[in-house]
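What follows is a set of notes on a single structure, which appears directly below.
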Amino acid sequence: MYVLLIIVAMVAILLLPIGKSERHSPGDWRVGAAFAAFVATLGSSPIISAYLSAAWGAKLGTASLFNFLWVGIASSLPLSLLCARAFGRQTYAAYLAYVERSSRAKILTLVAIWAIASTIAFAYGFVLLS
787 MYVLLIIVAM VAILLLPIGK SERHSPGDWR VGAAFAAFVA TLGSSPIISA YLSAAWGAKL
847 GTASLFNFLW VGIASSLPLS LLCARAFGRQ TYAAYLAYVE RSSRAKILTL VAIWAIASTI
907 AFAYGFVLLS
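Count along the sequence shown from 1, then add 786; that gives the number in the working numbering.
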């Protein structure tokens, strides 16, 4: 069931960057696919957390959505960078340029924000599980 929801979400996200009417739309479908991997991983973080909480044996509820939320947050950026790198160096460079242009921040700033968010989510999940 969860796999089907993730697949539907990824297909829906892949269809979004088709139009070029947006101000910061990616020019290449590969860049859009890498960004879709980032968004899909972040969007499915609560589902992943609930699944891992159930596998861990934790009581399912609202708190179970936050127990393992860090897994989705921590894997989102590396997964999208690996996806872009798998398409080649040009796509990787275009993806980095797209992310910097869209967010109006340097990639090191974004990595710092990602690391802080991952650490906070991990600490919060650790506190909830203990």
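A virtual CB, placed ideally from N, CA and C, is assigned to each residue, including glycine.
859 is the residue among 875, 873, 859 whose C-alpha sits nearest the C-alpha of residue 900. Between residue 817 and residue 878, the CB-CB gap reaches or exceeds 7 Å.
Taking the C-beta atoms as reference points, residue 850 is found no nearer than 7 Å to residue 841.
Rounded to whole angstroms, the Cβ separation of residue 839 and residue 846 is 7 Å, and the two are in contact under 8 Å. Residue 872: member of the alpha helix (DSSP H) spanning 855 to 872, first to last residue. Minimum Cα-Cα distance from residue 862 among the listed residues 827, 887, 821, 853 corresponds to 827. Note on residue 898: under 16 other CB atoms within 10 angstroms of its CB, so exposed under the neighbour-count rule.
Its Cα nearest to that of residue 856, the residue 909 stands out among 916, 915, 909.
Just measuring C-alpha positions, the residue of 815, 823, 831, 875 sitting nearest residue 903 is 831. Boundaries for residue 916: no alpha helix (DSSP H) harbours it, and the DSSP string shows neither H nor E there. In this chain, the alpha helix (DSSP H) harbouring residue 816 covers 815 to 829.
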